[in-house]
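Visitor: Mapping the sequence shown onto the working numbering, position 224 (from 1) lands on 256, and the numbers just tick up by one. Positions of the beta carbon are idealized from the N, C-alpha and C atoms, including for glycine. Would you mind keeping the following structure in view while I ask a few things?
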Amino acid sequence: MDISFHKPHLPKTAIDEVVKVLQSGWLTTGPKVQEFEQQFSEVIGARYSLAVSSCTAALHLAYLVHDFKEGDEIIVPSFTFCSTINTLMHVGATPVFCDIERETLCLDPSDVLKKITPKTKAIVVVHYAGMPANMDSINAIAKEHNLIVIEDAAHAFLTKYKGKYIGSSTNTTCFSFYATKNLTTAEGGMITISDSNFAEQIETLRMHGISKKAWNRYGKTGTWKYDVLNPGYKYNMTDISAVLGIEQLKRLNEAVKKRSEIVEKYFTLFSKNNNLVLPNNPRDERSQHAWHLFTIQLKDSARISRDDLIQKLKEKGIGTSVHFIPNHLQTFYKETLAPVHLPVTEDIFQRILSIPLYEDLRKEEIEYIAKSINELTS
Ligand SMILES: *Cc1c(COP(=O)(O)O)cnc(C)c1O
């Protein structure tokens, strides 16, 4: 078998719509981006949705409008993709790495409390794998200490926390539509935000700092005039990407159903394997895991190391990945920041791997993956 770690599922209508955009003569940011933003807001229940070129761009702009700057300490999990952290460096702020809970693999509120100093400005939350973080505790801590909360929802499209979608709260939230994510526009991202002033700032910052009304200067309603209000960025999304997103929004129920069916199969097939720690579902029944990743952790009793398991699975034609190599162990951050020991993050990192989870994964493939893992670990 040859089972790749990820395969995107693009509906045929998405491909047709891309062709239409290519033939329309308008290739970049235009009406389709606006349509995608409106529909995204409706699905999530967000006040404002602003499309950008990536989640990395979304995070950078979120940090900018909340005025993160030199001297500010930002509490953030080390157990995330490097872009959550790199963008903090772009604004000159100092990442303060925080440990995670074993149950959710998201920020541990008790460690957040320990990391707060007079310089702390914000907490950046990551909803790991699509599992909602413990937001009630984190929001309460933020309120008590007057801190901003930003949510990295790269994995959390359609994650629900206590009945509400991630992205519908008052916290500024950043989504990714990168090729491997649950909804993809090849490259792309979205910021959901509830404050109209911040939304307006993001609109200009993502387009060279040019005032919103003037940037569409090659369109029918545009003009040659433009005014630069600040030295902004080139972080806009194209209509080519936006139609991919729009077409996927039309079949969300089907996409969610397929992912949860695969997850159910994995739970059943691994149920007798005592050498694995399987991911948790949220405890609150109004919450919902988005199942971006299906991770397994190897217990000490497993007769193979994580690295060897990855290699053996590769030899059997099964692609896997590791989310994530903790950032405090990466060369740049080891050399730049004060050393920190994060016992749970470091332990989980040694044991965890992500196995294939995508709509087009076939029943035989799921069974082959599970059988191979069960045999190799026991
Ligand atoms: C994928 C990812 C990002 C970056 O997303 P891009 O759209 O590729 O910039 C950020 N944070 C997390 C947790 C991710 O998994």
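#1: If you measure from the CB of Cys138, is any heavy atom of ligand 1 nearer than 6 Å?
#2: So, with DSSP's three-state summary, where would you put Glu183?
#3: Less than 7 Å separating the beta-carbons of Ser353 and Ser386?
#4: Can you tell me where the beta strand (DSSP E) holding Ser81 begins and where it ends?
#5: Taking just the CA atoms, how far does Leu54 sit from His242?
#6: Using CA coordinates, which residue listed in Met33, Ser36 and His41 is at the minimum distance from Leu284?
#7: Counting pairs of beta carbons, one from the region 134 to 154 and one from the region 106 to 113, are three or more of them closer than 8 Å?
#8: Just tell me which of Cys87, Pro388, Glu399 and Pro63 has its CA closest to the CA of Thr224.
#9: DSSP state of Pro358, grouped into three classes?
#10: Quick check on the burial criterion: 16 or more other C-beta atoms within 10 angstroms. Buried or exposed for Asn306?
#11: Under 6 Å from any heavy atom of ligand 1, by CB: list those residues in chain order, please.
#12: Compute the distance between the beta-carbons of His98 and Ile180, then report whether it is under 7 Å.
#13: Throw me the rounded Cβ distance for the Asp325 and Ala161 pair, which I believe falls under 8 Å.
#14: Just to confirm my understanding: we take Phe356, look at its own chain, exclude 5 residues before and 5 after, and list those with CB closer than 7 Å. What are they?
#15: Nearest CA to the CA of Leu374: which residue from His360, Glu367 and Pro43?
#16: Put Leu139 into one of helix, strand or coil per three-state DSSP.
#17: Rounded to whole angstroms, what is the Cα-Cα separation between Ser36 and Leu345?
#18: How is the alpha helix (DSSP H) around Ile76 delimited, first residue to last?
Guide: With the given structure in hand:
#1: no
#2: strand
#3: yes
#4: Tyr80 to Val84
#5: Note on identity: in this sequence residue 242 is Ile, with His being the wrong assignment. Their Cα atoms are separated by approximately 25 Å.
#6: His41
#7: yes
#8: Cys87
#9: coil
#10: exposed
#11: Ser86, Cys87, Thr88, Thr112, Phe113, Ser115, Thr116, Val158, Asp184, Ala186, His187, Ser208, Tyr210 and Gly221
#12: yes
#13: Note that residue 325 is Leu in the sequence shown, not Asp. That belief holds up - the Cβ atoms of Leu325 and Ala161 are roughly 4 Å apart, short of 8 Å.
#14: Phe111, Thr112 and Phe113
#15: His360
#16: strand
#17: 11 Å
#18: Pro63 to Ile76
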